[in-house]
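Asks: This is the structure I have questions about; it appears just below.
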Ligand SMILES: NC(=O)c1ccc[n+]([C@@H]2O[C@H](COP(=O)([O-])OP(=O)(O)OC[C@H]3O[C@@H](n4cnc5c(N)ncnc54)[C@H](O)[C@@H]3O)[C@@H](O)[C@H]2O)c1
Ligand SMILES: [Zn+2]
Ligand SMILES: [Zn+2]
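In my numbering, the protein residues as written are 154 to 519.
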């Protein structure tokens, strides 16, 4: 065990206040407390949630240390840590389950209501405590997390791709495979073909869906979705997606419809584009004000399940190594999610590209 006793000063990317561009600043990383680990970050993808943190859409706990789709190497561990060792190659997760809460105790730990994060704060050089995005904060040379937030994966994987398992890819894959329980022969429609939607498409293909319909309002996004295995493409800027999905499924609608946009219009489409007794999975994150009104008789009469999917209902220790293995075997196109590699100084620009939906993922290489 390596027990460090001193603070380390590293470069990190923060959002200081609402409306301000992100900044690269000195971040003080304290030595890990009991149960904690310091990770030398090697890559961190830019996710939509970083955009939401910068813009104050998650909460007002500025300053935020951004970044949460990361890989790295454990460089220090705190007292009592046995789960990882110094030198382990890990993907960071934002669901370190507690094992004690009512969800964990009833055998559904992917809903854990009390996940672990580091208790020791990272700070600015003046001592101001930082709020790490999703309890991670990995647009930084080092970050301090709870040791259970470190999931070991095969170091043979390209780091830039592996880090994406830590959020967007897992959320999309799990929305189809875990939450939607897509299985052999299913028809699936995915509305919104960004990184999350494309991961849902690839997950549905892997699970054996025979009809996989990609829906987007941007033609170039649909071409990319085809590379992830979509069997049919629907341009929602040209045609009514509900009618198109029904037409592609014998007039019935799809067994599972994944809404990877998360606005009232796409949720309504998902609701009506599924077959009777079908499943809607909401994985796109709605903004605070969004509301949706549906005839209650349709909610009742159409049956089935209306579900939401946080983090693809994943268990990192179970699901990250599985996706990594599938990627190494050439059965899951993880590498395809990496659009570009950028530096720590390029995060503001990369966030703008993520906000515009121009890229699947920009990955910061540290
Ligand atoms: N639930 C989770 O745990 C979780 C995790 C990560 C991200 N997310 C959320 O998932 C959503 C998607 O993330 P992403 O990284 O793929 O974003 P993205 O911007 O890369 O992709 C969104 C896609 O939706 C398309 N789109 C926009 N409006 C549309 C419409 N009306 N109809 C059809 N398509 C439309 C865009 O053209 C784009 O291709 C975001 O809301 C993000 O916050 C959720
Ligand atoms: Zn729990
Ligand atoms: Zn994310």
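Positions of the beta carbon are idealized from the N, C-alpha and C atoms, including for glycine.
Where residue 453 and residue 410 are concerned, what is the direct C-alpha to C-alpha distance, given to the nearest angstrom?
Replies: Straight-line Cα distance between these residues: approximately 18 Å.
Asks: Cβ-heavy atom distance between residue 181 and ligand 1 below 8 Å?
Replies: No, ligand 1 has no heavy atom inside 8 Å of this Cβ.
Asks: Need the endpoints of the beta strand (DSSP E) that residue 222 sits in, please.
Replies: Segment 222-230, the beta strand (DSSP E) holding residue 222.
Asks: For the structure I just gave you, are there three or more beta carbon pairs, one from the stretch 222-234 and one from the stretch 335-346, closer than 8 Å?
Replies: No, the stretch 222-234 is not in contact with the stretch 335-346.
Asks: Are residue 232 and residue 188 touching if we call contact CB-CB under 9 Å?
Replies: Cβ atoms of residue 232 and residue 188: closer than 9 Å.
Asks: Among 414, 391 and 384, whose alpha-carbon lies nearest the alpha-carbon of residue 401?
Replies: Cα-wise, what sits closest to residue 401 is 384.
Asks: Looking at the unbroken beta strand (DSSP E) that takes in residue 515, where does it start and where does it end?
Replies: Its beta strand (DSSP E) spans residues 515-518.
Asks: Give the secondary structure of residue 182 by DSSP, where H, G and I count as helix, E and B as strand, and everything else as coil.
Replies: Strand.
Asks: What residues in its chain sit with their C-beta under 6 Å from that of residue 364, if we drop five residues either side in the sequence?
Replies: Within the same chain, residue 364 has close Cβ partners 340 and 384.
Asks: Residue 518 and residue 496 - do their beta-carbons sit closer together than 9 Å?
Replies: Taking 9 Å as the Cβ cut-off, residue 496 and residue 518 qualify as a contacting pair.
Asks: Is residue 288 near ligand 2, in the sense that its beta carbon is under 8 Å from a heavy atom of that ligand?
Replies: False, no ligand heavy atom lies under 8 Å from that Cβ.
Asks: Just to confirm, does residue 462 get its C-beta within under 8 Å of one of the non-hydrogen atoms of ligand 1?
Replies: Under cutoff, so the answer is yes.
Asks: What I want to know is whether the C-beta of residue 321 ends up closer than 8 Å to one or more non-hydrogen atoms of ligand 4.
Replies: Absent from the structure shown: ligand 4. Ligands present: ligand 1, ligand 2 and ligand 3.
Asks: Might you give, ordered along the chain, the residues of its own chain that have their beta carbon closer than 7 Å to the beta carbon of residue 168, omitting 5 neighbours on each side?
Replies: The answer, listed in chain order, is 175, 206, 207, 215, 216, 217 and 219.
Asks: Tell me, to the nearest whole angstrom, how far the beta carbon of residue 324 is from that of residue 464; I am working on the premise that it is less than 8 Å.
Replies: Going by Cβ atoms, the distance from residue 324 to residue 464 rounds to 6 Å, so yes, they are a contact pair.
Asks: Quick one: does the C-beta of residue 202 sit closer than 8 Å to a heavy atom of ligand 3?
Replies: The answer is yes for residue 202.
Asks: How many angstroms separate the CA atom of residue 300 from the CA atom of residue 242?
Replies: Distance between the alpha carbons of residue 300 and residue 242: 13 Å.
Asks: At a threshold of 8 Å, does residue 371 count as lining ligand 1 (C-beta to nearest heavy atom)?
Replies: Correct: residue 371 has its Cβ closer than 8 Å to ligand 1.
Asks: Taking just the CA atoms, how far does residue 413 sit from residue 473?
Replies: Computed Cα separation, rounded: 20 Å.
Asks: Between the stretch 501-509 and the stretch 292-312, do three or more beta carbon pairs fall short of 8 Å?
Replies: No, they do not touch.
Asks: Which term fits residue 521, buried or exposed, when burial requires 16 or more other beta carbons within 10 angstroms of its beta carbon?
Replies: In this structure the chain extends from 154 to 519, so residue 521 is not present and cannot be described.
Asks: Going by Cα to Cα distance, which pick from 182, 308, 417 and 235 is closest to residue 279?
Replies: The candidate whose alpha carbon is nearest that of residue 279 is 182.
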